[in-house]
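Data first, discussion second: the structure below is written as C-alpha cells.
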Amino acid sequence: MEIQNIYDNLAFFSEYKKLRDNARGFNNEIEQPAVRSLVENMKDKKVLDIGCGFGNFCRYAADQGALSVLGIDPSKNMIREAASTTLSSNIQYLCLPVETFSTNLASFDIIVSSLAFHYVKEFDSLVQNIEKWLKKSGQLVFSVEHPICTAWPEGSLKKDNAGKSFHPVYNYRDEGQFEQTWFVDGVRKYHRKLSTYINTLLEHGFAVERVLEPMPSDEQIAQYPKLKIHRVRPPLLIISAKKR
Numbered sequence: 033m034e035i036q037n038i039y040d041n042l043a044f045f046s047e048y049k050k051l052r053d054n055a056r057g058f059n060n061e062i063e064q065p066a067v068r069s070l071v072e073n074m075k076d077k078k079v080l081d082i083g084c085g086f087g088n089f090c091r092y093a094a095d096q097g098a099l100s101v102l103g104i105d106p107s108k109n110m111i112r113e114a115a116s117t118t119l120s121s122n123i124q125y126l127c128l129p130v131e132t133f134s135t136n137l138a139s140f141d142i143i144v145s146s147l148a149f150h151y152v153k154e155f156d157s158l159v160q161n162i163e164k165w166l167k168k169s170g171q172l173v174f175s176v177e178h179p180i181c182t183a184w185p186e187g188s189l190k191k192d193n194a195g196k197s198f199h200p201v202y203n204y205r206d207e208g209q210f211e212q213t214w215f216v217d218g219v220r221k222y223h224r225k226l227s228t229y230i231n232t233l234l235e236h237g238f239a240v241e242r243v244l245e246p247m248p249s250d251e252q253i254a255q256y257p258k259l260k261i262h263r264v265r266p267p268l269l270i271i272s273a274k275k276r
C-alpha cells in the first residue's frame, strides 16, 4: 500500500508550519470554527482525531472535558510538534496512517478529521472502518477541500472578459488522484464529487446531519485580505454525520 507522507518532506513542512503559525490564517479563521460548531458536547467522551497535525483539536477536546483523546497522523514532524505542545495526560498521539490504524469495535463516541480525507485513496474503506470504530449514535465530523477546488487543482483564479475573477471547474465528474504544486511539486490528493462523500456515508450506516460550506465574512477579509479568494468559491466541505 503506497501512502503519501508529504508532511515529512522537510521543504514542505517548513513552509506549511509558517502558514499554520499565522494565527489569522485559513485554518484558524474559517475551518476550525466551522468544524467545532458541529461537534457535540465532548464532556466524558472518547474522541479520535484522524490526521491530528499539530494537535490543536486534541487539546481543544481535552479542554472541553473529553475523557480521552487519541490523535493519529502519519507524519513524524506533526506528531513531534503535537507532543511538544501538549500537557494533558488524557491525550495520546500515534504516528501512523489511518489506513493501517486498528482498534476495538465501538471504541469512540466522536471522530473528527480536519483536511485529511482528501489524501486518502480509498474513502469507501475508510468510512466502513470509521463506522466500526464509532459507538452506536456516535458522531463523525470531517472537513475536506471542497470538490469545486479539487476539480481545479491549479487553484488560481481566472478573469473573464469583464475583468471579474472566477474559479474554473474542470472535469468535475472524473474522480481520482491528482497532483498539484503546493510549496513543493507532486503533492498527491484525491478528487471526489460532493455526492460521493454524502452517498458513501449513507451507504455505510450514517445519517448525514449537517453540511457546511464556510466562507470568510467581510470583517475577516478586511482584517486578513488574503482570505478574499475564498469568497469566489467555497474552499471547504464540512460534514457532520451520526452512526445509525
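Under our numbering, the letters of the sequence shown match residues 33 to 276, in that order.
Note that the Cβ used here is the ideal one computed from N, Cα and C, for glycine as well.
Kindly indicate which three-state DSSP category residue i falls into: helix, strand or coil?
{"i": "Glu113", "result": "helix"}
{"i": "Asp277", "result": "The question about residue 277 has no answer here: the residues shown for the chain are numbered 33 through 276."}
{"i": "Gln252", "result": "helix"}
{"i": "Glu177", "result": "strand"}
{"i": "Cys127", "result": "strand"}
{"i": "Lys75", "result": "coil"}
{"i": "Leu137", "result": "coil"}
{"i": "Lys225", "result": "coil"}
{"i": "Leu172", "result": "strand"}
{"i": "Ile35", "result": "coil"}
Could you spell out where the alpha helix (DSSP H) holding residue i opens and where it closes?
{"i": "Val159", "result": "155-165"}
{"i": "Ala194", "result": "Counting along the chain, Ala194 falls outside any alpha helix (DSSP H), and DSSP gives it neither H nor E."}
{"i": "Phe44", "result": "42-53"}
{"i": "Leu259", "result": "Segment: none, Leu259 is in no alpha helix (DSSP H) and carries neither H nor E."}
{"i": "Val67", "result": "64-70"}
Could you spell out the range, first to last residue, of the beta strand (DSSP E) harbouring residue i?
{"i": "Val240", "result": "238-244"}
{"i": "Gln212", "result": "208-214"}
{"i": "Ala273", "result": "268-275"}
{"i": "Asp81", "result": "78-82"}
{"i": "Leu119", "result": "Neither: Leu119 is in no beta strand (DSSP E) and is coded neither H nor E."}
{"i": "Leu102", "result": "100-105"}
Since I believe residue j is in contact with residue i (beta carbons under 8 angstroms), could you give me their beta-carbon distance rounded to a whole number of angstroms?
{"i": "Lys275", "j": "Gly170", "result": "5 angstroms"}
{"i": "Leu189", "j": "Ile261", "result": "6 angstroms"}
{"i": "Pro129", "j": "Ile271", "result": "Not confirmed; about 21 angstroms, so no contact."}
{"i": "Asn122", "j": "Ala94", "result": "6 angstroms"}
{"i": "Lys153", "j": "Tyr222", "result": "6 angstroms"}
Go ahead and label residue i buried or exposed: buried means 16 or more other beta carbons lie within 10 angstroms of its beta carbon, across all protein chains shown.
{"i": "Phe198", "result": "exposed"}
{"i": "Thr182", "result": "buried"}
{"i": "Glu61", "result": "buried"}
{"i": "Lys196", "result": "exposed"}
{"i": "Gly267", "result": "The sequence given here has Pro at residue 267, not Gly. The residue is buried, with at least 16 neighbouring Cβ atoms inside 10 Å."}
{"i": "Leu234", "result": "exposed"}
{"i": "Lys75", "result": "exposed"}
{"i": "Arg91", "result": "buried"}
{"i": "Ala273", "result": "buried"}
{"i": "Thr118", "result": "buried"}
{"i": "Glu163", "result": "buried"}
{"i": "Ser100", "result": "buried"}
{"i": "Leu158", "result": "buried"}
{"i": "Ser227", "result": "exposed"}
{"i": "Asn109", "result": "buried"}
{"i": "Glu186", "result": "exposed"}
{"i": "Ser69", "result": "exposed"}
Please determine, among the options, the residue with the shortest C-alpha to C-alpha distance to residue i.
{"i": "Gly57", "options": "Thr118, Ile270, Lys258, Pro266", "result": "Lys258"}
{"i": "Asp192", "options": "Pro200, Glu186, Glu113", "result": "Pro200"}
{"i": "Cys84", "options": "Gly187, Ser107, Tyr202, Leu269", "result": "Ser107"}
{"i": "Pro65", "options": "Gly87, Ala43, Ser146", "result": "Ser146"}
{"i": "Phe210", "options": "Pro179, Leu234, Thr232", "result": "Pro179"}
{"i": "Tyr202", "options": "Ala194, Lys225, Lys75, Trp214", "result": "Lys225"}
{"i": "Tyr48", "options": "Val264, Phe215, Val243", "result": "Phe215"}
{"i": "Ser139", "options": "Val176, Leu158, Lys168, Val159", "result": "Lys168"}
{"i": "Phe238", "options": "Leu166, Cys127, Phe44, Ala114", "result": "Leu166"}
{"i": "Ile111", "options": "Asn136, Asn88, Thr132, Gln96", "result": "Asn88"}
{"i": "Tyr151", "options": "Ile38, Arg265, Val67", "result": "Ile38"}
{"i": "Phe133", "options": "Ser116, Gly103, Ala114", "result": "Gly103"}
At a cut-off of 8 angstroms, would you count residue i as near the ligand FAD, judging by its Cβ distance to the nearest heavy atom?
{"i": "Val130", "result": "The model on display carries no ligand, and the ligand FAD is accordingly not part of it."}
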